[in-house]
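Student: Before I ask anything, here is the structure I am working with.
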Amino acid sequence: MHFFELKDGVLHAEGVSLETIAEQVGTPTYVYSAGTLRRHYGLMRDACDAHKGALGEALIAFAVKANSNLSVLKVLGAMGCGADTVSEGEIRRALKAGIPASKIIFSGVGKTDAELAFAIQQGVRQINVESSTELQRLIAVVKSLKQDPTVSGRVANPDVAIRVNPKIGAGGHAKITTGGAGDKFGVPVEEALDLYAVASSSEHVNPVGLACHIGSQITDLTPLENAFKVIRGMTETLREQGHTVTRLDLGGGLGVPYYGETNTPPPADYIAMVAGVLDGLNVEAAFEPGRLMAANAGVLLSRVVHVNERTDGRRFLVLDAAMNDLMRPALYEAFHDVKPVRPVDGAALPHDIVGPVCETGDTFARDRELAPLKADDLVVFMSAGAYGAVMGSEYNTRPMAAEVLVDGGRWAVIKPRPTYEDILSREPIAEWL
Ligand SMILES: *Cc1c(COP(=O)(O)O)cnc(C)c1O
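For the sequence shown, my numbering assigns the number 441 to the last residue and increments by one with no breaks.
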């Protein structure tokens with residue numbers, strides 16, 4: 009559920025008209041609803057709190073890569089949400105937004121030594137180790153920090169979880185499946201058990217548990233349940249071998265309705281399923297939802313440049329937003345509902361919705377039925393709050409979309425659109441030219 013609704017014939021984000029935002033900030037602009045973010049966090053929090061017996065004091069760590077805007081992180085952090093991060097930059101964002109290091113998880117297949125050192129020194133909650141080579145590098149980094157006279161204070165052994173690839177992939181598209189046997193994430197079950205033993209015997213890391221994340225936009229709980237059963241079995245095996253396992257990080261991946269889908273499991277059902285699998289295990293769970301929290305909390309607001317009614321019968325709605333602003337359709341053939349900000353009368357016609365970028369891939373939708381729109385009309389791409397702005401680029405030297413946060417009747421620009429001067433001044437011309 010979200011708070012983008014028609015009021016007096018105009019689409020609003022909570023109490024603010026999207027026409028007002030378009031007039032004052034221009035387009036394309038991402039608009040986020042703080043109330044929707046809070047609602048989504050609240051649903052997850054309530055579901056976890058209802059199953060404390062099985063999940064402990066579960067940590068909900070927002071996957072920062074879905075939407076890393078500082079104000080978005082601040083809204084969630086203020087509610088007690090943690091952060092799942094995949095780079096030093098994301099850790100820095102989470103910290104700047106006030107999320108304590110004790111709630112920050114550091115994941116990713118290619119963390120550099122410098123990034124590991126940064127995370128260790130910040131004292132993040134947990135580093136999710138994804139390979140044996142990474143574990144060796146992590147141990148070496150901790151050791152060298154301990155020996156480094158320029159590092160002030162005691163360097164604590166980082167808590168680590170081993171990321172398991174359970175050979176169960178799932179998700180809305182091959183490019184967002186991460187738990188399949190051939191995917192680059194994590195290590196197979198046997199290797200994970202071995203790595204746990206290596207970590208246990210090291211003087212420099214503190215293994216606390218296992219992690220898994222099998223994919224994104226998952227609409228069927230079965231593959232998730234099967235993966236979590238694998239994790240449960242491994243926990244029991246590790247304990248039989250004498251290891252301590254206190255935390256299980258179950259990743260994110262729950263799908264959201266992009267358009268009228270009714271098959272997306274409610275968070276409460278998902279959490280109840282997890283509680284059933286972990287029952288009696290006496291562990292603390294962590295969840296890393298990204299899309300679930302942010303997708304339906306944001307829209308991309310865009311203006312129609314013109315309508316190209318070709319003589320071959322195709323009708324192109326040419327927008328001022330393009331693939332550089334919202335890459336998901338080009339990258340994953342993703343579906344976004346497109347709505348007029350001020351609905352118009354008239355029989356629906358098939359439109360091809362495109363941006364101005366010089367790529368055929370810059371096509372958001374084909375044959376989408378819409379009432380006839382004309383130049384200067386405003387439209388929104390719904391469900392654009394996750395994996396939208398974060399994937400933006402300046403391809404075709406198009407200034408990146410602005411970002412706005414609405415909170416009840418208040419709103420603020422939380423990332424201004426750069427000027428052309430900003431863009432050009434970032435590139436010093438080689439002095440001999
Ligand atoms: C991307 C990612 C997530 C979030 O996935 P969603 O589908 O957005 O919930 C969680 N954990 C890890 C390790 C990820 O890479």
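In this text, a Cβ means the ideal position worked out from N, Cα and C, and glycines have one as well.
Quick one: what does DSSP say N226 is sitting in, helix, strand or coil?
Tutor: According to the sequence as given, residue 226 is Ile; it is not Asn. Three-state DSSP puts I226 in a strand.
Student: Taking 8 Å as the cut-off, decide whether the C-beta atoms of Y278 and L229 are in contact.
Tutor: yes
Student: Between the C-alpha atoms of P41 and R418, what's the straight-line distance to the nearest angstrom?
Tutor: Per the sequence shown, residue 41 should be read as Ser rather than Pro. So the two alpha carbons sit approximately 10 Å from each other.
Student: Taking its Cβ as the centre, do 16 or more other Cβ atoms sit within 10 Å of V352, making it buried, or is it exposed?
Tutor: Counting C-beta atoms within 10 angstroms of its own C-beta, V352 has fewer than 16 neighbours from the protein chains shown and is therefore classed as exposed.
Student: Does the count of Cβ pairs from the segment 251 to 266 and the segment 24 to 35 closer than 8 Å reach three?
Tutor: no
Student: Quick check on the burial criterion: 16 or more other C-beta atoms within 10 angstroms. Buried or exposed for Q155?
Tutor: exposed
Student: First and last residue of the alpha helix (DSSP H) that includes D57?
Tutor: A42 to D57
Student: What are the complete alpha helix (DSSP H) segments, minimum 4 residues, inside the segment 287 to 341?
Tutor: 299 to 302 and 336 to 340
Student: How should Y428 be labelled, buried or exposed, when 16 other C-beta atoms within 10 angstroms of its C-beta is the threshold for buried?
Tutor: The residue is exposed, with fewer than 16 neighbouring Cβ atoms inside 10 Å.
Student: With DSSP as the reference, please indicate the residues paired to T371 in a beta bridge.
Tutor: Note: T371 sits in a beta bridge opposite V362.
Student: If you measure from the CB of P196, is any heavy atom of ligand 1 nearer than 7 Å?
Tutor: no
Student: Any C-beta of chain C sitting closer than 8 Å to the C-beta of K111?
Tutor: Within the model displayed, chain C is absent; a lone protein chain is all it includes.
Student: By the DSSP assignment, the beta strand (DSSP E) with I170 in it spans what residues?
Tutor: D167 to R171
Student: CA-CA distance, D430 and N404?
Tutor: When rounded, the distance between both Cα atoms is 15 Å.
Student: Quick one: give me the first and last residue of the beta strand (DSSP E) that F389 is part of.
Tutor: Its beta strand (DSSP E) spans residues L386 to F389.
Student: Is it buried or exposed, R318, if we count other Cβ atoms within 10 angstroms and call 16 or more buried?
Tutor: exposed
Student: In the structure shown, what three-state DSSP assignment does G64 receive?
Tutor: Coil.
Student: Considering only their Cβ atoms, is the gap separating V195 from E138 smaller than 8 Å?
Tutor: Closer than 8 Å, so yes.
Student: Buried or exposed for N465, going by 16 or more other Cβ atoms inside 10 Å?
Tutor: There is no way to answer for residue 465, as the model of the chain reaches only from 9 to 441.
Student: Following a CB-centred definition, is D443 positioned closer than 7 Å to any heavy atom of ligand 1?
Tutor: Residue coverage of the chain in this structure runs from 9 to 441, which leaves residue 443 outside it and unanswerable.
Student: Quick one: grab the DSSP three-state call for T158.
Tutor: coil
Student: For my contact list, P407 and P426 are in at a C-beta cut-off of 8 Å; report their separation, rounded to the angstrom.
Tutor: 5 Å
Student: Taking H181 as the reference, which of Q144, E248, Y340 and L309 has the closest Cα?
Tutor: It is Y340 whose Cα lies nearest to the Cα of H181.
Student: Assign H314 to one of two classes, buried (16 or more other C-beta atoms within 10 Å of its C-beta) or exposed (fewer than that).
Tutor: exposed
Student: Using the three-state DSSP reduction, which class does Y266 fall into: helix, strand or coil?
Tutor: coil
Student: For the structure I just gave you, are there three or more beta carbon pairs, one from the segment 81 to 89 and one from the segment 115 to 122, closer than 8 Å?
Tutor: no
Student: Quick one: residues in its chain with C-beta nearer than 8 Å to the C-beta of V172, no 5 flanking neighbours on either side, listed in chain order?
Tutor: Excluding five sequence positions before and after V172, the CB atoms of its chain that fall closer than 8 Å to its own CB belong to G194, V195, P196, V197, A200, L218, A219, C220, V238, I239 and M242, given in chain order.
Student: Consider the C-beta atom of P297 and the heavy atoms of ligand 1; say whether any pair is separated by less than 7 Å.
Tutor: At least one heavy atom of ligand 1 is nearer than 7 Å to the Cβ of P297, so yes.
Student: Is the beta carbon of Y38 closer than 8 Å to that of A397?
Tutor: Their beta carbons are under 8 Å apart, which means A397 touches Y38 by this criterion.
Student: How would you call Q134, buried or exposed, if buried means at least 16 neighbouring beta carbons within 10 angstroms?
Tutor: The residue in question, Q134, is buried, as its Cβ has 16 or more Cβ neighbours within 10 Å.
Student: On a Cα-Cα basis, can you pick out the residue from L432, A438 and V412 that is closest to E22?
Tutor: V412
Student: How many Å lie between N75 and S310 at the Cα?
Tutor: 19 Å
Student: Note the first and the last residue of the continuous alpha helix (DSSP H) segment covering A420.
Tutor: Looking at the DSSP string, A420 is not in any alpha helix (DSSP H); the run it does join, the beta strand (DSSP E), is R418 to K423.
Student: Among residues of its own chain, excluding the 5 on either side of I68, which ones have a beta-carbon nearer than 6 Å to its beta-carbon?
Tutor: M52, C89 and F295
Student: Helix or strand or just coil, what does DSSP make of Y38?
Tutor: strand
Student: Compute the Euclidean distance between the alpha carbons of V362 and T371, then round it to the nearest angstrom.
Tutor: Taking the straight line from one Cα to the other gives about 4 Å.
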